[in-house]
Amino acid sequence: MTPAATPLKASREPAPNPPTRTQRRGSMSRRDKLGRLDFVVSPYLYIAPFFVVFAITGLYPLLYTAWVSFHKWHLIGGDQGFTGVDNYVNVLQQPNFWIALRNTFSIFLLSSVPQIILAILIAYVLHTNLRAKTFWRMGVLLPYVVAPVAVSIIFSKLFADQSGMVNAILGQVGIGPIGWHASAFWSHIAIANMVNFRWTGYNALIILAAMQAIPRELYEAATVDGAGRMRQFWSVTIPQLRSTIMFVVINSTIGGLQIFDEPRMFDTMGNGGADNQWLTLTMYLYQLGWGPQKSFGRASAVAWILFLIILLFASLSFLLTRRIASSGTDPARSGRRRRPRRAQHRTAARRAGNSRVQEGALS
Amino acid sequence: MFKKQAMAGLGVIAVGALALVGCGSGGSGSSGADADGNITLTIATFNEFGYDALLEEYMEQNPGIKVVEKKAATSNEARDNMNTRLAAGSGLADVEAIEMDWLPELMQYSDQFVDLSSDSVTGRWPEFKTAPATTADGKLIGYGTDAGPEAVCYRADLFKQAGLPTDREEVAELLDGDWDNYFKVGKQFVDATGIPWYDSATGTYQGMLNQIENPFENDDDTVIPLESNNTIRSTYDTILDQSEDGLSAGLSQWSEDWVNAFQNDGFATMLCPPWMLGVVEGNAAGVEGWDVAPVFPGGGGNWGGSYLTVPTQGEHQEEAKALADWLTAPEQQITAFQTKGNFPSQTAALDDPALLEYSNEFFNNAPIGQIYSDMSKKIAVSPYKGTNFFAITTVVTDALTRVDVDGTDDADSSWDKALSEFRQLGIE
Numbered sequence: 002m003t004p005a006a007t008p009l010k011a012s013r014e015p016a017p018n019p020p021t022r023t024q025r026r027g028s029m030s031r032r033d034k035l036g037r038l039d040f041v042v043s044p045y046l047y048i049a050p051f052f053v054v055f056a057i058t059g060l061y062p063l064l065y066t067a068w069v070s071f072h073k074w075h076l077i078g079g080d081q082g083f084t085g086v087d088n089y090v091n092v093l094q095q096p097n098f099w100i101a102l103r104n105t106f107s108i109f110l111l112s113s114v115p116q117i118i119l120a121i122l123i124a125y126v127l128h129t130n131l132r133a134k135t136f137w138r139m140g141v142l143l144p145y146v147v148a149p150v151a152v153s154i155i156f157s158k159l160f161a162d163q164s165g166m167v168n169a170i171l172g173q174v175g176i177g178p179i180g181w182h183a184s185a186f187w188s189h190i191a192i193a194n195m196v197n198f199r200w201t202g203y204n205a206l207i208i209l210a211a212m213q214a215i216p217r218e219l220y221e222a223a224t225v226d227g228a229g230r231m232r233q234f235w236s237v238t239i240p241q242l243r244s245t246i247m248f249v250v251i252n253s254t255i256g257g258l259q260i261f262d263e264p265r266m267f268d269t270m271g272n273g274g275a276d277n278q279w280l281t282l283t284m285y286l287y288q289l290g291w292g293p294q295k296s297f298g299r300a301s302a303v304a305w306i307l308f309l310i311i312l313l314f315a316s317l318s319f320l321l322t323r324r325i326a327s328s329g330t331d332p333a334r335s336g337r338r339r340r341p342r343r344a345q346h347r348t349a350a351r352r353a354g355n356s357r358v359q360e361g362a363l364s
Numbered sequence: 138m139f140k141k142q143a144m145a146g147l148g149v150i151a152v153g154a155l156a157l158v159g160c161g162s163g164g165s166g167s168s169g170a171d172a173d174g175n176i177t178l179t180i181a182t183f184n185e186f187g188y189d190a191l192l193e194e195y196m197e198q199n200p201g202i203k204v205v206e207k208k209a210a211t212s213n214e215a216r217d218n219m220n221t222r223l224a225a226g227s228g229l230a231d232v233e234a235i236e237m238d239w240l241p242e243l244m245q246y247s248d249q250f251v252d253l254s255s256d257s258v259t260g261r262w263p264e265f266k267t268a269p270a271t272t273a274d275g276k277l278i279g280y281g282t283d284a285g286p287e288a289v290c291y292r293a294d295l296f297k298q299a300g301l302p303t304d305r306e307e308v309a310e311l312l313d314g315d316w317d318n319y320f321k322v323g324k325q326f327v328d329a330t331g332i333p334w335y336d337s338a339t340g341t342y343q344g345m346l347n348q349i350e351n352p353f354e355n356d357d358d359t360v361i362p363l364e365s366n367n368t369i370r371s372t373y374d375t376i377l378d379q380s381e382d383g384l385s386a387g388l389s390q391w392s393e394d395w396v397n398a399f400q401n402d403g404f405a406t407m408l409c410p411p412w413m414l415g416v417v418e419g420n421a422a423g424v425e426g427w428d429v430a431p432v433f434p435g436g437g438g439n440w441g442g443s444y445l446t447v448p449t450q451g452e453h454q455e456e457a458k459a460l461a462d463w464l465t466a467p468e469q470q471i472t473a474f475q476t477k478g479n480f481p482s483q484t485a486a487l488d489d490p491a492l493l494e495y496s497n498e499f500f501n502n503a504p505i506g507q508i509y510s511d512m513s514k515k516i517a518v519s520p521y522k523g524t525n526f527f528a529i530t531t532v533v534t535d536a537l538t539r540v541d542v543d544g545t546d547d548a549d550s551s552w553d554k555a556l557s558e559f560r561q562l563g564i565e
């Protein structure tokens with residue numbers, strides 16, 4: 002489909018004319034054959050290590066978890082017989098499962114949405130001509146270096162119901178104390194804040210790298226066309242960031258739905274609150290497996306349900322961001338300039354890759 | 138690119154799944170004799186058991202035995218480690234320290250532990266210490282280390298403010314009696330000062346719970362359905378009535394607010410096992426007036442304490458048993474008390490001059506050795522904590538917290554939620 006792929010395809014596939022084919026086959030030397038083999042097989046060999054490691058550390062446990070989820074399985078007692086889908090049925094009937102699902106999505110949305118919007122804005126500011134650029138760029142990454150558990154401890158001090166700093170400050174402006182641990186909604190806000198604190202800067206740097214790769218000519222052309230800053234941001238920057246935003250969104254979907262450290266450390270009990278205010282799915286899973294029930298079977302069932310939910314939502318985010326990102330460009334215009342834009346996009350992506358390496362070295 | 142991301146995501150989940158499967162790999166639990174016939178024993182502890190010098194001493198006394206201590210930072214970490222390796226069937230230390238709270242669950246797997254009963258330890262501990270670690274057929278799976286006899290910590294300065302006696306003996310007399318008396322004095326105090334009487338409903342409930350013979354389960358380990366558990370329901374109602382009267386500070390123990398409340402006159406009394414003293418001292422640093430009264434409402438009570446066990450996984454069970462025996466002897470536990478303040482559970486240790494002489498400067502020079510020794514002797518009840526104790530007790534404390542701390546429910550609606558949670562445990 003892409004222009005680059007066409008010549009490759011031609012060289013791999015035999016020519017349409019039968020006589021030519023026999024001719025070619027006959028004239029092929031051993032070296033040619035080896036070369037051809039090398040050409041066909043090598044790429045797969047190069048990517049093989051990932052899949053081998055994945056099969057051992059990823060696929061095997063994944064399938065094993067599925068196997069466990071169909072059994073009555075005790076943490077210490079082990080396998081106690083096949084039970085079919087009992088574990089799934091049991092888990093789906095528990096009110097706590099649905100509470101955990103609600104909390105997980107609430108925290109996920111409250112963290113991911115503002116986080117990505119903020120990351121784009123921060124990246125935009127960092128992209129302008131700032132003094133001491135490296136300082137600012139490292140600065141936004143600093144929270145990422147802090148261990149999540151440490152972040153949670155700091156934030157649980159800030160968000161203490163009676164003696165916390167946040168409530169003290171809110172009290173100064175006349176807002177009554179908020180029950181950060183008592184109310185489900187506010188606990189989600191507090192936890193989302195922890196997540197945002199940690200990940201916004203990280204995402205900002207990824208987006209910044211992509212922003213730096215946008216060719217200047219696009220902005221120059223836009224300026225000539227009379228586009229203001231806002232217009233440039235919406236019609237040039239955002240569409241050019243499309244693939245990067247998709248990456249960031251899918252990444253935070255995967256991470257956000259698996260949120261565990263922050264809510265677990267939000268109070269000292271680690272059970273998600275007395276009223277399950279901030280019990281997330283992964284915490285629920287942990288409770289089933291390692292808590293009083295010690296049921297690995299049910300925990301595995303939750304693991305699989307969570308896995309399927311994440312697959313579903315990662316694809317949904319993918320489709321959604323693709324639509325949002327592509328609707329940013331004027332359809333008539335993008336249609337007319339389709340080919341050149343795509344070509345530029347490729348170079349942009351390549352440059353984004355380079356600068357990502359640079360940013361990596363920087364951190 | 139995105140397929141790869143999805144794959145990576147798959148990988149991330151799968152790694153989580155790997156943890157879930159719980160391969161208990163790694164760890165140097167197995168210990169063999171080396172060429173010279175020397176044996177290396179491992180002992181796994183958590184927090185501070187105060188064994189550093191003792192282990193040196195043991196190695197000197199027993200040539201040919203080397204003891205290596207593996208310390209976990211928290212008891213939760215040690216518990217996870219223990220459960221995983223117990224499930225894996227390998228990797229445990231020769232001697233494993235456990236907390237009293239884990240016993241009900243571990244008792245189900247008593248065949249994984251060596252029977253430690255022997256003539257040398259008969260009568261070493263009071264009944265409340267040995268009963269939870271003894272199986273129905275008389276097998277002892279743990280040697281008691283420290284114990285948690287409870288007393289009452291109080292703020293003498295706030296008592297004075299309310300016109301109550303401040304001297305610890307007088308306070309003991311004032312609070313002597315049942316829980317109703319403790320609450321009645323509390324009401325008087327709250328009316329006079331407006332300051333809450335105790336720190337949290339769950340902490341106080343814990344003290345009441347530890348005086349009930351069969352809180353959640355019958356002696357044959359059958360569960361008393363929560364719905365018809367009138368003892369617990371009335372304890373629950375009693376404690377929440379006090380919250381309504383303003384006796385409870387409405388704090389969740391160990392929370393940030395609880396820690397800070399020590400600094401700003403948040404409450405006047407709290408139930409205090411000896412290991413709590415260090416916590417109070419740390420949280421209330423700079424606050425003057427804390428004292429310990431040799432009294433506990435409703436008689437004595439025990440909260441916490443640990444044991445040493447010998448898992449059957451070990452290669453040197455005899456040597457490990459000997460080590461655990463020696464470490465939990467009264468003399469050694471006195472040393473541990475002097476090193477780290479862990480109050481000994483051994484009957485003989487309670488009359489040891491070294492213990493009785495011990496006083497604490499922060500608590501107005503209270504003779505805490507003497508006080509806790511006395512309180513230890515008052516413990517009459519050893520509650521039956523069975524397989525499901527931990528699960529059910531969490532359900533009830535959560536219910537208390539919803540009313541006392543969060544205020545998301547009233548006593549009745551919170552109890553209904555507790556019943557629903559109880560059903561979800563699936564143990565009926």
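Keeping their order, the protein sequence lines are chains C and A.
Residues in the first sequence are numbered from 2 upward in steps of one, following this note's numbering.
Residues in the second sequence are numbered from 138 upward in steps of one, following this note's numbering.
From the three backbone atoms N, C-alpha and C, an ideal C-beta is built for every residue, glycine too.
All values derive from a computational prediction rather than experimental measurement.
So what does Gly442(A) bridge to, in DSSP terms?
Answer is Ala284(A).
Residues of chain A with a CB under 7 Å from the CB of Leu76(C): which are they?
Ordered by position in chain A, the residues that pass the 7 Å Cβ test against Leu76(C) are Asn220, Ala224.
Taking CB distances under 8 Å as the criterion, tell me whether Trp275(C) reaches chain A.
Correcting the residue type first, residue 275(C) is Ala in the shown sequence and not Trp. Closer than 8 Å to some Cβ of chain A, the Cβ of Ala275(C) qualifies, so yes.
Would you say Arg343(C) lies against chain A (beta-carbon separation less than 8 Å)?
Because the pLDDT at Arg343(C) is just 44, under 50, the model does not fix this residue reliably, and the point stays unresolved.
The alpha helix (DSSP H) that contains Gly418(A), what's its start and end?
Rather than Gly, the amino acid found at residue 418(A) in this sequence is Glu. Glu418(A) -> alpha helix (DSSP H) spans 411 to 420.
Please give me, in chain order, every unbroken run of the alpha helix (DSSP H) with length at least 4 that falls completely inside the region 221 to 297 of chain C.
Qualifying alpha helix (DSSP H) stretches, in chain order: 230 to 233, 243 to 258, 262 to 265, 282 to 291.
Short check: CB of Val232(A) to CB of Ala473(A), under 8 Å?
Going by C-beta atoms, Val232(A) is not nearer than 8 Å to Ala473(A).
Taking the beta carbon of His48(C) as the centre, do at least 16 other beta carbons fall within 10 Å, making it buried, or is it exposed?
According to the sequence as given, residue 48(C) is Ile; it is not His. Exposed, by the Cβ-count rule.
Show which residues of chain C have a CB atom less than 7 Å away from the CB atom of Leu562(A).
Simply Pro293, Gln294.
Any idea what DSSP makes of Lys73(C), helix, strand or coil?
Strand, per DSSP.
For Ala299(A) and Ser513(A), what's the separation of their Cα atoms in angstroms?
The straight-line gap from Cα to Cα measures roughly 30 Å.
Kindly examine the ligand MG and report whether one of its heavy atoms sits closer than 7 Å to the Cβ of Ala485(A).
The ligand content of the structure shown is nil, which means the ligand MG is not present either.
Could you work out which residue in Thr271(A), Asn366(A), Asp402(A), Tyr280(A) is closest to Thr330(A) when comparing CA atoms only?
It is Asp402(A).
In angstroms with no decimal places, state the Cα-to-Cα distance between Glu364(A) and Leu556(A).
Computed Cα separation, rounded: 7 Å.
Under 8 Å between beta-carbons, which chain A residues line up against Lys134(C)? List them in chain order, please.
By Cβ distance, chain A contributes nothing, its closest Cβ being about 28 Å from Lys134(C), past 8 Å.
Do you know whose CA, among Asp358(A), Ala338(A), Phe250(A), lies nearest Phe526(A)'s CA?
The option with the nearest alpha carbon to Phe526(A) is Asp358(A).
When the Cα of Leu1(C) is compared with those of Ser318(C), Arg103(C), Ser188(C), Leu206(C), which residue comes out closest?
Outside the modelled stretch of chain C, which goes from 2 to 364, sits residue 1(C), for which no answer is possible.
Glu214(A) CB to nearest chain C CB: under 8 Å?
Output row for Glu214(A): interface = no.
Could you name the residues of chain A that Asp162(C) contacts, counting a contact when the two beta carbons are closer than 7 Å?
In chain order: Asp394.
Specify the secondary structure class of Asn479(A) as computed by DSSP and reduced to three states.
Coil at Asn479(A), not helix or strand.
Are Pro431(A) and Asp315(A) close, meaning C-beta to C-beta below 8 Å?
The answer is no: Cβ separation not under 8 Å.
Using a Cβ cut-off of 8 Å (strictly closer), state whether Asp268(C) contacts chain A.
It does: the Cβ of Asp268(C) has a partner Cβ on chain A nearer than 8 Å.
Is it buried or exposed, Lys266(A), if we count other Cβ atoms within 10 angstroms and call 16 or more buried?
Lys266(A) is buried by the Cβ-count criterion.
Judging by CA-CA distance, which residue of Pro149(C), Asn252(C), Tyr145(C) is the nearest neighbour of Ser318(C)?
Considering only alpha carbons, the answer is Asn252(C).
Could you name the residues of the region 145 to 162 of chain C whose beta carbon sits closer than 8 Å to any beta carbon of chain A, in the order they occur along the chain?
Against chain A - using a Cβ distance shorter than 8 Å - the residues of the region 145 to 162 of chain C are Ser157, Lys158, Ala161, Asp162.
Starting from Phe499(A), trace the alpha helix (DSSP H) in both directions and tell me its first and last residue.
Looking at the DSSP string, Phe499(A) is not in any alpha helix (DSSP H), and its letter there is neither H nor E.
For a contact defined as C-beta to C-beta under 9 Å, what are the partners of Gln1(C) on chain A?
Residue 1(C) is absent from the model: chain C starts at 2 and stops at 364.
In the DSSP assignment, the alpha helix (DSSP H) including Glu310(A) goes from what residue to what residue?
From DSSP, the alpha helix (DSSP H) with Glu310(A) extends over 305 to 312.
Given that a residue counts as buried once 16 or more other Cβ atoms are within 10 Å of its Cβ, and exposed if not, what is Gln198(A)?
It counts as exposed.
What is the DSSP secondary structure of Pro332(C), counted as helix, strand or coil?
For Pro332(C), the predicted structure reports a pLDDT of 41, less than 50, and the residue's modelled location is therefore unreliable. A value from the coordinates is still provided. DSSP places Pro332(C) in helix when its eight states are reduced to three.
In the DSSP output, which residue or residues are listed as bridge partners for Ala430(A)?
DSSP output for Ala430(A) lists Val289(A) as bridge partner(s).
Distance check for Tyr65(C) and Thr58(C), CA to CA, integer angstroms please.
Cα to Cα, the separation comes out at about 11 Å.
Listed from N- to C-terminal order along the chain, which residues in the region 314 to 328 of chain A have their beta-carbon within a distance smaller than 8 Å of any beta-carbon of chain C?
Cβ contacts with chain C: none found.
Label Gln163(C) either buried or exposed according to how many other C-beta atoms from any shown protein chain fall within 10 Å of its C-beta, with 16 as the threshold for buried.
Gln163(C) is buried by the Cβ-count criterion.
What residues of chain C sit near Arg539(A), judged by a beta carbon separation below 8 Å?
Residues of chain C passing the Cβ test: Ala275, Asp276.
Could you give the residue range of the beta strand (DSSP E) that holds Leu277(A)?
Premise fails: Leu277(A) is in no beta strand (DSSP E) and is neither H nor E.
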